[in-house]
Each structure stands twice: as C-alpha cells, then as structure tokens.
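Peer 1: Okay, handing you the structure first.
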Amino acid sequence: MPAISALLLPVGMAVAAGLVGSVAVMRRMTLAADAISHIALPGVGLALIFHFNPVLGALAALFVGTLLVWAVERQTRIPTEAIIGVVFSAALAVGSMMTSGEALIDALFGAPHTLGRAELVLGGVAAVVVIAFILRARSELVITLVSPDLARTAGINVARVDLLFLFAFALTVALGLRYLGVLLMGSLIIIPAATAKQLARSLSGMQLIAVGIAVFATLVGAVAGPMVGVETGPLTIVVAAAVFFVSLVVRRAQ
Amino acid sequence: MPTALEVQHLSVTFGQDRVVRDLSFAVESGSTLAIIGPNGAGKTVVFRALIGAVPYTGNVRWAPGTRIGYVPQKLDIERDLPLTGIDFLRAKADVSHVSRDEIARALDAVNLDMDFARQSIGTLSGGQFQRLLVAFALMGRPSVLLFDEPTAGVDQPGEENIYALFRQLQREQGFTLLLISHELNLVYRYSDNVLCLSRRQSCFGPPIEVLTTERLQEMYGAQVKFHDHEHGHAGH
C-alpha cells in the first residue's frame, strides 16, 4: 500500500481534473478537451529524442495546442470539431512515430511508480494553481459558458477567460501526464465531470460530485491496483467509467 | 439631456452580406429607443455590434461610465445544465462586485419566485427564463438596458407585463432602455424614439413620425397589423 505522502499528487491531480472537467463538460468541449491531451505526445517524443524532461516537452506542446484550439474557437465559421479531430489525431500519430517501445506505453498510460520527488512537488504546485484558478474564476467561467455576449456586457474579457481556462486544462493534463499518461489523463478530466452532469442540479453539486468521483477512482487505482497486480492508470479509468454507467442507470430511474 | 449613446455610420458585414448599412442615431440618457423591422433586418446584429460582440465599421460611443445590462432574445441552454438561477445570479453579483443581497432584490423586481430561481435554468419556461435574464441584467445597477424581444416563449399578456415592468423600473432606476420589438402598439405607447430597419433603408424619429402606415408597409413589404394612431400618442 502506498504511503500517504505518495497519494498527495494523485489526489491533487484528481481534484484539479474534477474541477477543470466540470467546466469543460458544461462548455460542451468534451471532444476538444480530450483531443488537447493527445498533443502532449509529440512533445514527449521530442523530449525523449533530445534528452530533456518529458513533462517539459509535453508542456511546450500543450501550450502550442492550447493556442491553436483558442484561435480555432474564436473563428466560429470554421467547423471546429472537424479541425480539432484531425489535428489532434495527427498529433497522436506523429507522437507515436517519434516514441517507441516502453517509453511510448509510459507516455500513453502513465508510469506512477517512476515519479521522482521533483516531479511530485511540481505536480503538486501545478494542481494548487489549477484549483485556485477554477475556484477564483468560477463566476466568470459560468457566465461565459452560458453566453459570451452576457459575459461581455458584464465586463468580462471573454477571450482572456477562454485562454486562461484552456491553459488550466493543459496544465492539468501536464500534471497528470507522468501518472496517468496522455490517453488516460484526458479521460480522468472528462469522465467524472460527465458523470456529475448526469446527477447534479447545481454548480456546486456538479463540482463536488466530479471531484468526488475523480478522487475516488484515483485512490482505488493507486491503492487497489498494486494489491491485485493491475496497472494503476487503467484501473483508475475503469472505475471512473463504471461509476459513469451506474449514473446513467440512476438518471433513468429518477 | 445628456447623450447615453451615439452611433455614427455603423455598418456590419458578414462575408459578402452587408447586414447593417450606414446607421446613425443617438439616444438620450433615461429615454427609450425601440428598434423595429422585419425578420432578418439586422436588429439583433445592431445590438451585438453595440456591445462589441461582432466586428463593425463606424463609431459607437457610449457615455463614460456606462454599465450595460443585456437581455438576449434566446440562449441555447441545455436542459440538463447543472446550473440554477441562483448560481447564475450569484456569478453576476461576484463579477459586478455587488452584495449577494442584490439577488433577492433583483428577483423581487422581476416578480420571479425564489423557488423557480432554485431550479436549474434549463428547466424554466420561456417566460420564467426571460425574467431571470432581466434580473441578471438588472444586477449591478445598469445605466443602459438592452432588451431583445423573444419571438416565442412568452405569451401576449406576459409581454405586456414585461413592458409595464420596464416602465416601472425605468422610473425607479432611471436607466436608458433600448429594446427590439415586434409589438408595434407597445412600441408606440412606450418609446420616445423608434429606429426602423429593413434591408433597403432605415429611419429614425419619434413614433408619431416613424410609425406611419405608408412607412410600415414600405418596410415590411405587406399589410401590417398596426392600428393607427388616431387615439394619439399615449405619452409619458
């Protein structure tokens, strides 16, 4: 069983994922959100080729990807979903060609047991930054997602809020990258929030349920995974997905 | 009277399509301007240009320190969006730096029951949601209220009620009111000036000058249901 201190990063990561995911799902950007996480892979590939920290490579790639999504979102005439789908699937393919073997599997699905102290600390700091941002900017995010026009008249700089949110999203992906990997971190952001949307009636309800499910799934993955000999990341997402399907049944019963 | 808004040579173009053409008008502080015109004449686009949501050419000058409250025609809200009316109004209180006590006052001003405000906004009826949007617009004491009339979802007495409500709030708070409407009788009764828009031309002036049968026919291109002004201007 992992030490309590070793659980701090995963718990911080899960709280950030639940909060960021709540906003992403309410903004109806599930596809874009999942796709953004894929663009981290070419960054990881470059980092492995040129021997620097993969998280830095991923952050750089995510920064570029975020600006791209932001620019595409602002050009409403372009079919956003198609472009996002194509660009980010291509990013995944290119990243896979640049990375191979064990390194590719680690980048895609995470390698929680290989995390160093520095990575744990940086991850923790990133989680605190993301959580603080979402809680502080909650009102601006909510009005902007209901209507950018209402947000403008309320004195909100919509383009700035959108960009900061996308950066918070990218940072969340980056902080979970070594733990859950490129493919699964996107899922930890989206699945608990999608589940919460089935069950919640209010904003606080949505955020609490999303955070609760993300933390629960992460803890089950971290604690039970090693006990039963299953990889932590995949187990985490399987648990989150199971809760999602239960929520569908609960919703139908309501 | 000081000027709340001055618009000079406003034009909005979407691709090849010039939706708003060389529009100039001014609105006095505390007065009511109604914008009328057939569907597709660009009424909502004018509003969106005034709030800076679409690119335009020409000048839009709001008086210094203007605070805008905007009630859009419709919003695309998912039925299951987990956001209550209270969540929505609380967010407005936070961004406009007013006390959360304002929420109860705003709901009271639009006669919306607290029980409805506790429901998720996607489940409210058209009329209830519109009242919530008006409450949202009123929070933070706007100096100008922009109201884009819904074409569906609010029944006739409901619409008349909302105009009466605006008159009362305008008297109490002294804001400038810009509204888009299809209800020419209400426009005639409640507005100081009318801006009429159509693809071919625009006109601007007090209702008694602008709302003539010939001009309306020219603008709408057909017989319009408007009983003329023999009863005189109801006045303010």
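Here the protein sequences come in this chain order: A and B.
Per the working numbering, the first sequence starts with residue 41, numbered consecutively.
Per the working numbering, the second sequence starts with residue 19, numbered consecutively.
Quick reminder that beta carbons are idealized off the backbone N, C-alpha and C, glycines included.
None of the values given here were measured: they were computed from a predicted structure.
(1) For the candidate residues F65(B), C221(B), T102(B), R185(B), whose alpha-carbon lies nearest to that of L204(B)?
(2) Could you tell me whether any Cβ in chain C is nearer than 7 Å to the Cβ of P100(B)?
(3) At the 7 Å Cβ level, is L88(A) part of the contact set with chain B, yes or no?
(4) Would you report the Cα separation of V278(A) and M225(A), rounded to the nearest angstrom?
(5) Distance, Cα to Cα, A124(B) vs G33(B)?
(6) To the nearest angstrom, how far is it from the Cα of R218(A) to the Cα of G163(A)?
(7) Measure the C-alpha to C-alpha separation of V258(B) and P20(B) and round it to an integer number of angstroms.
(8) What residues from chain A crowd round V113(B), counting only those whose CB sits closer than 9 Å?
(9) 7 Å is my cut-off, CB to CB: does A240(A) come that close to chain B?
(10) Taking 6 Å as the limit between beta carbons, can you name the residues of its chain near A131(A), skipping five residues before and five after?
(11) If we cut at 7 Å on Cβ distances, does T69(B) have a partner in chain A?
(12) At which residues does the beta strand (DSSP E) containing L163(B) begin and terminate?
(13) Rounded to whole angstroms, what is the Cα-Cα separation between R97(B) and T141(B)?
(14) In whole angstroms, what separates the C-alpha of L99(B) from that of I249(A)?
(15) Suppose the cutoff is 7 Å on Cβ atoms and the five residues either side in sequence are ignored; what does the same chain contact list for V116(B) look like?
(16) Report the residue from L243(A), Q238(A), A254(A), A262(A) whose alpha carbon sits nearest the alpha carbon of F285(A).
(17) The alpha helix (DSSP H) with R207(B) in it runs from where to where?
(18) Does the beta-carbon distance from T139(A) to G85(A) come in below 7 Å?
(19) Please confirm whether L215(A) and L228(A) have their CB atoms less than 7 Å apart.
(20) With 7 Å as the C-beta to C-beta threshold (strictly closer), list the residues of the stretch 132–146 of chain B near chain A in chain order.
(21) Near A135(B), which residues of its chain fall below 6 Å by C-beta distance, leaving aside the five closest residues on each side in sequence?
(22) Would you call Q294(A) buried or exposed, if buried means 16 or more other Cβ atoms sit within 10 Å of its Cβ?
(23) Using 8 Å for Cβ pairs, my map puts V63(A) next to F205(A). What's the rounded Cβ distance?
(24) Which residues, in order along the stretch 48–73 of chain B, keep a beta-carbon less than 9 Å from a beta-carbon of chain A?
(25) Give a yes or no on whether the C-beta atoms belonging to I253(A) and P232(A) are separated by under 7 Å.
(26) Select from L49(A), V109(A), A240(A) the residue whose C-alpha is nearest the C-alpha of A22(A).
(27) Please confirm if M225(A) has its CB atom under 7 Å from at least one CB of chain B.
(28) I need the DSSP call for V116(B), collapsed to helix, strand or coil.
(29) Where does G125(A) fall in DSSP's three states?
(30) Helix, strand or coil: which one does DSSP assign to L196(B)?
(31) What residues of chain A sit near A109(B), judged by a beta carbon separation below 9 Å?
(32) My understanding is that S114(B) touches A194(A), with C-beta atoms under 8 Å, so please give their C-beta distance in whole angstroms.
(33) Since M69(A) meets chain B, which of its residues come closer than 9 Å, beta carbon to beta carbon?
(34) Of the residues D166(B), G83(B), A182(B), which one's Cα is nearest the Cα of V128(B)?
(35) Where does the unbroken alpha helix (DSSP H) through D131(B) begin, and where does it stop?
(36) Does DSSP put S47(B) in a helix, a strand or coil?
Peer 2: Straight from the coordinates:
(1) R185(B)
(2) The structure shown contains no chain C; its protein chains are A and B.
(3) no
(4) 13 Å
(5) 40 Å
(6) 9 Å
(7) There is no way to answer for residue 258(B), as the model of chain B reaches only from 19 to 254.
(8) S179, E180, I183, A191, A194, G195, I196
(9) yes
(10) H78, I79, P82
(11) First, the amino acid is wrong: residue 69(B) is Ile here, not Thr. Yes - at least one Cβ of chain A is within 7 Å of the one on I69(B).
(12) 162–166
(13) 6 Å
(14) 14 Å
(15) M157, G158
(16) Q238(A)
(17) 202–208
(18) yes
(19) no
(20) S138
(21) G103, I104, L125
(22) exposed
(23) 6 Å
(24) F65, R66, I69, G70, A71
(25) yes
(26) For residue 22(A) there is no data in the structure shown, the boundaries of chain A being 41 and 294.
(27) no
(28) coil
(29) helix
(30) strand
(31) R178, S179, E180, L181, V182, I183, V186, A194, L243
(32) 6 Å
(33) Within 9 Å Cβ-Cβ: nothing; M69(A) doesn't reach chain B, min ~13 Å.
(34) A182(B)
(35) No alpha helix (DSSP H) contains D131(B), which DSSP labels as neither H nor E.
(36) coil
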